[in-house]
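Q: My structure is below; once you've seen it, I'll send some questions.
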Amino acid sequence: MSPPRLRLAHLPTPLEPAPRLSEELGVEVWIKRDDATGGPEAGNKIRKLEFLLAEAKALGADTVLTCGGIQSNHARATAVAAARLGLAATLFLRVRDLEDDDDGRGIPLDDRVPWTGNLLLDHLVGADARLIRQVTWKSIDACMQRELEALQEAGRRVYAIPAGGSNALGAWGYVAAMEEVATQLEALPFDRFDAVVHACGSGGTAAGIALGAARHGVAERLVAMAVSDSVDWFESTISTICEEARGRWGLPAPVPWTIDDRAMGPAYAESTPDQRAVMRLAARTAGLVLDPVYSGKAMWGLKLAAAAGDLSGRVLFIHTGGLPGLMAQSDVFAADAAGGSPGAG
Ligand SMILES: *Cc1c(COP(=O)(O)O)cnc(C)c1O
Numbered sequence: 355m356s357p358p359r360l361r362l363a364h365l366p367t368p369l370e371p372a373p374r375l376s377e378e379l380g381v382e383v384w385i386k387r388d389d390a391t392g393g394p395e396a397g398n399k400i401r402k403l404e405f406l407l408a409e410a411k412a413l414g415a416d417t418v419l420t421c422g423g424i425q426s427n428h429a430r431a432t433a434v435a436a437a438r439l440g441l442a443a444t445l446f447l448r449v450r451d452l453e454d455d456d457d458g459r460g461i462p463l464d465d466r467v468p469w470t471g472n473l474l475l476d477h478l479v480g481a482d483a484r485l486i487r488q489v490t491w492k493s494i495d496a497c498m499q500r501e502l503e504a505l506q507e508a509g510r511r512v513y514a515i516p517a518g519g520s521n522a523l524g525a526w527g528y529v530a531a532m533e534e535v536a537t538q539l540e541a542l543p544f545d546r547f548d549a550v551v552h553a554c555g556s557g558g559t560a561a562g563i564a565l566g567a568a569r570h571g572v573a574e575r576l577v578a579m580a581v582s583d584s585v586d587w588f589e590s591t592i593s594t595i596c597e598e599a600r601g602r603w604g605l606p607a608p609v610p611w612t613i614d615d616r617a618m619g620p621a622y623a624e625s626t627p628d629q630r631a632v633m634r635l636a637a638r639t640a641g642l643v644l645d646p647v648y649s650g651k652a653m654w655g656l657k658l659a660a661a662a663g664d665l666s667g668r669v670l671f672i673h674t675g676g677l678p679g680l681m682a683q684s685d686v687f688a689a690d691a692a693g694g695s696p697g698a699g
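Using our numbering, the first residue of the sequence shown is number 355, and each one after it goes up by one.
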């Protein structure tokens, strides 16, 4: 009934109340600590990779191929897990335009990009990281397909993983996470949450939570805070993943879910001073270290939604991780502390 799975994450992750933060936000918030799913591989992606890499191993793959932004948590988690399993990893990482022509196969990593955060970890575990220019990224699917074929011609057995690990199989990571929450609820004086809130970047986590929350009865609904694409894009992507997963594994209909874009900010990976202020608030009232690309924006969205009366009761916030991405943005926080600067966004 459920697909094969490797045990890669440190589970179960804690489910914790956050009383002082809840008081500030005006809604009762519980935190699912998926920032603690591991060491360097931590965050939400390793849950998806438990299912995706189980399939890769079953198919006899020796190489994984995936893609994402230059500070992709997904690419980093894939690279770390691949090294652990003895697989080679090729990563296509999107950068602001460099001069070179990349032939669609990417520019080898060099010092024109800062080797910080996720990228440093990609390098350390020996991933073949290639820089993909913005113009080339427009046809990333075709590039990935060509790279897959080139690696196969070179004799490799390649398993390709879509951006974010977001497909029907990857979504199982969060169906299983909701089962974990159901078990944790048995020890609590209430039996479900009114809503789940989390940062939404490629849709797989949202699909898994919506399906898993229904299957395991842990929440009434899901509010996914968009940090990148449009509401329309997420609605169609998440619906497609849910339908495929239901068709393949006979899962029940998802709980009602909505995409909320009020916390998107200026652009993907660019945050506002208000968003960073809520990150400082969570850090100082709950010891929760969020990141400025995903979880910090989701917490800001939670605060706005609670203030607007769109969220109430008991809310489960999924802390999806992202610590290396925070470490790559120290300059923005330093600028805030110095009284802000035009570059502080
Ligand atoms: C990838 C990621 C998300 C979003 O998950 P999706 O399944 O891509 O929507 C949220 N938070 C962090 C820290 C992430 O790395």
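We put the CB at the ideal spot given by N, CA and C, even for glycine.
Since we're looking at a predicted model, the values are computed, not measured.
1. Could you please give the first and the last residue of the uninterrupted beta strand (DSSP E) stretch that includes Val-581?
2. For a quick check, are the C-beta atoms of Ser-556 and Gly-518 less than 7 Å apart?
3. Report the three-state DSSP secondary structure of Leu-665 (helix, strand or coil).
4. Rounded to a whole number of angstroms, what is the C-alpha to C-alpha distance between Asp-545 and Asp-389?
5. Under 7 Å between the Cβ atoms of Ala-435 and Leu-362?
6. In whole angstroms, what is the alpha-carbon distance linking Leu-452 and His-673?
7. Note down, in chain order, each residue of its chain lying with its Cβ closer than 6 Å to the Cβ of Pro-696, except the 5 sequence neighbours on either side.
8. Gly-699 to Tyr-528, Cα distance in whole Å?
9. Rounded to whole angstroms, what's the CA-CA distance from Glu-409 to Leu-502? Just pull it up for me.
10. In terms of residues, what are the limits of the alpha helix (DSSP H) holding His-428?
11. Count the other CB atoms within 10 Å of the CB of Ala-692; is the residue buried (16 or more) or exposed (fewer)?
12. Regarding Tyr-622 and ligand 1, is the C-beta to nearest heavy atom distance less than 6 Å?
13. Considering just the uninterrupted stretch of the alpha helix (DSSP H) at Glu-533, what are its terminal residues?
14. As a quick exercise: from Leu-403, Glu-370 and Pro-373, pick the residue whose alpha carbon is nearest that of Ile-515.
15. Helix, strand or coil: how does DSSP classify Thr-559 here?
16. Any heavy atom of ligand 1 inside 6 Å of the beta-carbon of Ser-556?
17. Grab me the residues of Val-479's own chain with a C-beta within less than 7 Å of its C-beta, minus the 5 sequence neighbours each way, in chain order.
18. Going by CA-CA distance only, name the one from Gly-566, Gln-538, Met-618 and Val-609 that's closest to Val-304.
19. Roughly how many angstroms lie between the CA atoms of Glu-598 and Asn-521, to the nearest whole one?
20. Work out the CA separation of Ile-461 and Ala-660 for me, nearest whole Å.
21. Would you mind sorting Lys-386 into buried or exposed? The rule is 16 or more other CB atoms within 10 Å of its CB.
22. Compare the Cα-Cα distances from Lys-411 to each of Leu-439, Asn-427, Gly-393 and Gly-423 and report the closest residue.
23. Reducing DSSP to helix, strand and coil, say where Lys-492 ends up.
24. Is Pro-696 helix, strand or coil by DSSP?
25. Per DSSP, which one or two residues make a beta bridge with Asp-701?
26. By the 10 Å Cβ neighbour count, where 16 or more other Cβ atoms means buried, how is Ala-636 classified, buried or exposed?
27. Locate the alpha helix (DSSP H) running through Val-686, then write down its first and last residues.
28. How about Tyr-513: is its Cβ closer than 6 Å to a heavy atom in ligand 1?
29. Count the other CB atoms within 10 Å of the CB of Glu-507; is the residue buried (16 or more) or exposed (fewer)?
30. For Leu-485, does the three-state DSSP call read helix, strand or coil?
31. Between which two residues does the beta strand (DSSP E) harbouring Asp-548 extend?
32. So, for Thr-490: in the same chain, excluding its five sequence neighbours on each side, which residues have a beta-carbon less than 7 Å away from its beta-carbon?
33. Pull up the DSSP beta-bridge partners for Ala-448, would you.
34. Grab the span of the beta strand (DSSP E) containing Leu-413 for me, first residue to last.
A: The short version:
1. Note, Val-581: premise wrong, no beta strand (DSSP E); not H, not E.
2. yes
3. coil
4. 24 Å
5. yes
6. 34 Å
7. Low local confidence applies: a pLDDT of 47 at Pro-696 is under 50, so the model's placement there is unreliable, and no value is given.
8. With a pLDDT of only 40 at Gly-699, under 50, the local geometry of the prediction cannot be trusted, and no value is derived from it.
9. 17 Å
10. 427-439
11. exposed
12. no
13. 522-539
14. Leu-403
15. helix
16. yes
17. Ala-433, Val-434 and Ala-437
18. Nothing about residue 304 can be reported from this structure: the residues present for the chain run from 355 to 699 only.
19. 9 Å
20. 45 Å
21. buried
22. Leu-439
23. coil
24. Only weak support is given to the placement of Pro-696: the predicted model assigns it a pLDDT of 47, under 50, and the value that follows is read from those uncertain coordinates. The answer is helix: DSSP assigns Pro-696 an H, G or I state.
25. One cannot answer for residue 701 here, as it falls past the ends of the chain, which runs 355 to 699.
26. buried
27. 684-691
28. no
29. exposed
30. strand
31. 547-554
32. Asp-456, Gly-458 and Cys-497
33. One detail in the question is off: residue 448 reads as Arg in this sequence, not Ala. For Arg-448, which the question treats as bridged, DSSP gives the partners Gly-423 and Ile-486.
34. First-last for Leu-413: undefined, no H or E at that position.
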